[in-house]
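Here the sequence shown is numbered in my numbering, starting from -13 and rising by one per residue. Backbone N, C-alpha and C fix where the C-beta goes; we use that ideal spot for every residue, glycine too. Since the model is a prediction, treat every value here as computed from it, not as a measurement. Only one structure is covered here, and it is reproduced in the block below.
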Amino acid sequence: MFEPIDAGLGIGSKAVDLVDTVIQKFEKYQKIKQDTTAYLRLLYIEVLNNLEVLKTINFDRYSNIKANDVKVKTILKLLQTEISESVFYKSTDNPNTELYDKLRKKGKVENKGQELVKTTVKGDDVKIKNRFVYENVLQAISFVVIKIEVMKKYSNLTDEEIDILKNMNFRVRLININQRLLMIKKVMDDFEDIKEMAR
């Protein structure tokens, strides 16, 4: 009789923890974002770090594996999204229009191996037939953050819970994350705030 109550309290507690965590992150990054150069450099370093991780990964090893496979859990421990996620913590108190103007710059996302997908307004991922697609940096960051965060959630599910999910092609997901990160880096390389540290 008490089990449903305990479960409900546990879920409620996790929800409160999540809200507290988001508020703490929001407050922390609001201060950092007041300095556009410092913030863009932190974001750039996170992008470089993720590209370095993906450079060492054999994407083919991620074909036909479960969402909670140890290979998925391993790569998710290495990929970081905290700074990228904080891009979307925008407030009217500190809109920092200079930062958002820069992040609206568009770049070319290359269609490597004809595996590029784009998310439609209905939320479906559709394959792109063209050699590339144009996106702005904000769109690409949003894509990367959402794909990685969903993978993190799914990686913690049990085998029984995974049975209700559609099959996910992690190889294609990783290729798409990688291609967006490459585009973000290329666009940011030309920012005045980044030029002296670009590589």
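Per DSSP, reduced to three states, the secondary structure at Thr105 is strand. Between Ile69 and Glu121 a beta carbon distance of about 19 Å is seen, past the 8 Å cut, so the two are scored as non-contacting. Taken atom to atom, the span from the alpha-carbon of Lys98 to that of Asp111 is near 16 Å. Within the model, the alpha-carbon separation for Thr106 versus Lys181 is close to 33 Å. Per DSSP, Tyr86 lies in no beta strand (DSSP E) segment; the continuous alpha helix (DSSP H) that holds it begins and ends at 83 to 89.
Residue nearest to Leu28 within the set Gln66, Asn50, Ile163 is Gln66 (criterion: CA-CA distance). Contact check for Gly93 against Ile163 fails: the beta carbons are separated by 9 Å or more. Within a 10 Å sphere around the beta-carbon of Arg90 sit fewer than 16 other beta-carbons, which makes this residue exposed. Counting along the chain, Asp111 sits inside the beta strand (DSSP E) bounded by residues 111 to 113. Arg185 counts as exposed, since fewer than 16 other C-beta atoms from the protein chains shown sit within 10 angstroms of its C-beta. When the beta-carbon positions are compared, Leu124 and Tyr86 come within less than 9 Å of each other. Nearest neighbour of Glu96 by Cα position, chosen from Val119, Asn82, Ser128, turns out to be Val119. If you look at Phe129, you'll find it in the alpha helix (DSSP H) that goes 123 to 141. With respect to the C-alpha of Thr42, the residue from Met137, Ile132, Leu64 having the closest C-alpha is Leu64. Under the DSSP definition of a beta bridge, Val95 partners with Val119.
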